[in-house]
Amino acid sequence: MAFSLSLFLVIYLFYFQHSYSYLSSLIMGSSLLVEKYKEHIIVSQNGMFYAGFYAIGENAYSFVICFNESHHNNAAATIVWMANCDEPVNGRRSKLTLSHNGNLDLVDASEFNIWSSKTVSNGIIELCFRNDGNLVLYELEGNILWQSWIVFIDSWALGKINPFLWYTMI
């Protein structure tokens, strides 16, 4: 029963993904495009967080997790996690892709891999956005391949201060 429900959910999300820009998950073979950074976002089911590209300079973008109130109010975003803080991507043809081999990749316009989850899976996988703001890469069986809050070297959120980054955040 759980397998049938999960399979239905994957098919449902794949079918309707192209119709709606705001998603709560990303399925295999799908991408978020930097050119559509205002529409191509993933929103947590409770609406408190969103993930997507964020302009950090002229023609320079990072993939971030933010508190959602700034997205709706057009205020400065409260960024709680950033994938590529040291190497922003170009504002054209850059994308975040969940590949068919189980890897989450951020590539720039020249197809150079800027950031990766460094995961591999032979099964069906999905990137889900939990209500606590954690992006989690799951296999269909429920195994966690990667999650944003476990990668402590580049994470800071919800009062979780990384001691390795303390000096860069003040």
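At position 23 of the sequence shown (counting the first as 1) the number is 23 in UniProt numbering, and the numbers step up by one without a gap. Heads up, the beta-carbon is just placed ideally off N, CA and C, and yes, glycines get one too. Everything numeric in this text was worked out from a predicted model, so none of it was measured.
Exercise for review: Under 8 Å Cβ to Cβ from N103, same chain only, skipping five residues before and after it: list those, please.
Suggested key: S116, S117, K118, T119, V120
**Study point:** Same chain only: Cβ atoms within 7 Å of K95, ignoring 5 sequence neighbours per side
**Key:** S31, L32, L33, V34, V107
Exercise for review: State the Cα-Cα distance for the pair I56 and R92, rounded to the nearest angstrom.
Suggested key: 14 Å
**Study point:** Own chain residues within Cβ distance below 7 Å of N90, not counting five before or after
**Key:** N59, D108, A109
**Study point:** Inter-residue Cα distance where the pair is W81 and P88
**Key:** 14 Å
Review point. Y61 to I27, Cα distance in whole Å?
Key: 22 Å
Point to revise | For A55: DSSP bridge partner residues | key: Y61
**Study point:** Option nearest A77 by Cα separation, candidates W146, C66, D86, A83
**Key:** C66
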